[in-house]
Amino acid sequence: MKAGATSGRRRSLLFLARFLLLLVTCYFAVAWRPVNDAVIVPFTAGVARAAAALLGLLGEPVSVAGTVIRSSRFSVEIENGCNGIETALLFGSAVLAFPAPWRRRAVGLVLGFAAIQLINLIRVVTLFWIGAHRPVFFNSSHTVLWQSVVVLCGVALFLLWVSWEQKARAAADRGAPERR
Amino acid sequence: MARPSVAEADTVRLKLDGRSALRLALGFAAAVAFWFVFATPYERILAAAAESLVRVFESPPVTRLIPGEGEIRVERADFPPASPRPGLPTADTHFNFVLLAALFAMAPRPLRPRNFGRFWLAAAGLFIVHAVAILFQVESLYALRLGPWSEAHYGRFAANFWSAGFHFYQVAGRFAAPFALWWLFARPEVETKRR
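Chains as they are written, first to last, in our numbering: chain A, 1 to 180; chain B, 1001 to 1195.
Have a look at this one:
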């Protein structure tokens, strides 16, 4: 019983070590200037265009120049930290660090990334609206509320993926012939 | 990579159901309120701790960190009297307390003394992370933003070390720290029964 608990604790710490190592590696990969210029900046510009399109649909006329969204009342630049990449790094590192088959990891990474970007898009649109119509609330909404919500959604998505992964594993174990 | 064994997967069993999601949301709301009330006194303590840490890397110790109005002002005894004093925005550094509290609130009985004790241990860990983040922020400022003075006192390696460290905290570390501390201290609380 004690040995089992120790072993569980060791595996838990191993997950944490793998998670931190992957996070640092992924961070350096995306922070490297050529990757940042060729992938992250165009991606962030895409987030700006998608947010502008959504704002247009909601009756908020805006224009986009690169990563800047502008209207007659307010303008905002989407920077690193506001493009959902940081939450995706956190989520991706946790999924890759968790013991699971590669196929389920891949499913988690694709669906999780899409969900995080959707949540982040809602965040950018909401923050722009707050900046244009309730500017006094912009700073606290930007720094505390929405950043925390997006990261918590990332953690919640990881926990949902773990639940799904474990159900899929249990189903596979039940279906497999017993081996001794 | 080899396929992990069932035994290995068994040890890290977590779940997110409706109740834990509700506790997460309520914990988040309570933590935001707590953070708004206590952010200013916390910044005073944090500035004092970070100042001591910065001074470890100085000879003679000349940096003073003065908290106030949502930022920590950097004072140096050798700054020209007329020059503007740089200010470090602090909310970005320590708002992640809200994340930590919300994650701990997911436990089945979040107010149980054991969970509460672990939460405050993790919060103490986060305080150390905040002080180290401010150390990197101040050193990064010294290394990159003071023109010829920076070039005279910081080599390329040192400048890259401090600025990359602070950038890592801004992009990934400030979100990863609460998750890692929660995992380290509280994970058994959210573990479901073994099959």
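Every residue gets a Cβ at the ideal spot worked out from N, C-alpha and C, and that includes glycine. For clarity, every value in this text was computed on a predicted model and none was experimentally measured.
In terms of beta-carbon proximity, A:L89 lines the interface with chain B, with at least one pair separated by less than 7 angstroms. Within the segment 63–86 of chain A, contact with chain B at the beta-carbon level (separation under 9 angstroms) is assigned to N80, G81, I85 and E86.
Selection A:E79, A:C26 and A:I85 evaluated against A:G154 yields A:I85 as nearest (Cα-Cα).
Judged by DSSP secondary structure, B:R1114 falls within the alpha helix (DSSP H) whose first and last residues are P1113 to L1144. When secondary structure is reduced to three states using DSSP, B:R1085 falls in the coil class, being assigned neither helix nor strand.
Residue pairing by DSSP places B:V1074 opposite B:L1065 in a beta bridge. Cβ-Cβ distances below 6 angstroms link B:L1103 to W1182 in the same chain, with the five nearest sequence neighbours on each side left out; the list follows chain order.
Residues of the segment 1117–1148 of chain B that bring their beta carbon within less than 8 angstroms of a beta carbon in chain A are absent altogether. For A:A170, the enclosing alpha helix (DSSP H) covers residues Q147 to G175. Taking CB atoms only, A:T143 has a neighbour in chain B less than 7 angstroms away. Around the C-beta of B:A1105, 16 or more other C-beta atoms lie within 10 Å, and the residue is accordingly described as buried. According to the DSSP assignment, A:V76 belongs to the beta strand (DSSP E) that extends over S75 to E77. Its Cα nearest to that of A:V149, the residue B:L1099 stands out among B:H1130, B:L1099 and B:A1186. Nearest CB-CB separation between B:F1175 and chain A: below the 7 angstroms threshold. Where B:I1045 is concerned, the enclosing alpha helix (DSSP H) starts and stops at G1018 to V1056. Within chain A, the residues placing a beta-carbon under 8 angstroms from that of B:V1098 are V144 and S148, ordered along the chain. Residue-level contact check: B:L1181 does not touch chain A, since none of the beta carbons of chain A fall below 7 angstroms from its beta carbon. Three or more beta-carbon pairs drawn from the segment 99–114 of chain A and the segment 159–175 of chain A are found closer than 8 angstroms, and the two stretches are therefore classed as touching.
In the three-state DSSP reduction, A:V62 falls in the coil class, being neither helix nor strand.
Per DSSP, the beta-bridge partners of A:I69 are A:V64 and A:V76.
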